[in-house]
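In my numbering, the protein residues as written are 23 to 230.
All C-beta atoms in this analysis are idealised placements derived from N, C-alpha and C, irrespective of residue type, glycine included.
Because the structure is a prediction, the values reported are computed rather than measured.
Since the structure comes first, as structure tokens, the remarks are kept for the end.
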């Protein structure tokens, strides 16, 4: 493969991502939610909304790492980034490809094969209660309500008191609109994405 910083490398990597994602979608369509990974433009938008890239970040539903690389490019340090992914093939892909990222020359993100409903049990001990942002690309709208609630609770259990969840979705309506105990705000929109993308921010407390 070409050098990590070359345009050819990016093209080849995106093709590999799309191919793997589509294969996994065929096998687990509802777990995947979409036919392809998040677009680079939408990933960049999500990453730009992280309030402090120097803080500890957890990404759930890391997939092929496209959003991960946007977070690293935004300044998130690999050692401060924990990636949680349920699919074992994606975890292998993450380990294989992220080591070639320029930002990962000296250290790698924590890559964890596990369930986002169990974050307190699987993320590094040093992260617990100190995470500023949980970034989610999990397709909430395809999950049962109880599973969405479990993921939210799990996320808040590892966040620091001022922390928040950033969730990317392809529906303008919040997939957690039924939860009246959350502050919910749409903080990003990308209408020219295909499909259009939306970023929701969630914090504990009654909606204003």
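Range covered by the beta strand (DSSP E) that runs through residue i
i	result
residue 145	Counting along the chain, residue 145 falls outside any beta strand (DSSP E), and DSSP gives it neither H nor E.
residue 7	The requested residue 7 is not part of the displayed model; the chain covers only 23 to 230.
Alpha-carbon spacing of residue i relative to residue j, whole angstroms
i	j	result
residue 57	residue 42	Low local confidence applies: a pLDDT of 47 at residue 57 is under 50, so the model's placement there is unreliable, with the coordinate-based value given in what follows. C-alpha separation (whole angstroms): 10 Å.
residue 155	residue 117	22 Å
residue 188	residue 174	11 Å
residue 137	residue 81	12 Å
residue 209	residue 38	30 Å
residue 139	residue 194	24 Å
residue 132	residue 150	14 Å
residue 212	residue 67	8 Å
residue 153	residue 183	9 Å
residue 221	residue 190	4 Å
residue 207	residue 198	11 Å
residue 224	residue 128	33 Å
residue 90	residue 113	12 Å
residue 215	residue 69	16 Å
residue 79	residue 101	10 Å
9 Å Cβ cutoff met for residue i and residue j
i	j	result
residue 176	residue 141	yes
residue 107	residue 135	yes
residue 72	residue 111	no
residue 201	residue 227	no
residue 85	residue 119	no
residue 196	residue 83	no
residue 65	residue 92	yes
residue 75	residue 36	no
residue 145	residue 180	yes
residue 4	residue 217	Residue 4 cannot be examined here, being either before or after the span of the chain that is shown, 23 to 230.
Assigned secondary structure, residue i (DSSP; H/G/I helix, E/B strand, else coil)
i	result
residue 41	helix
residue 155	strand
residue 199	coil
residue 133	strand
residue 75	coil
residue 90	helix
residue 124	helix
residue 54	The predicted model places residue 54 with a pLDDT of 47, which falls under 50 and marks its position as unreliable, so this point remains unresolved.
residue 100	helix
One or two residues paired with residue i in a DSSP bridge
i	result
residue 205	225
residue 211	220
residue 107	135
Endpoints, alpha helix (DSSP H) assigned at residue i
i	result
residue 110	110–120
residue 65	62–70
residue 174	167–180
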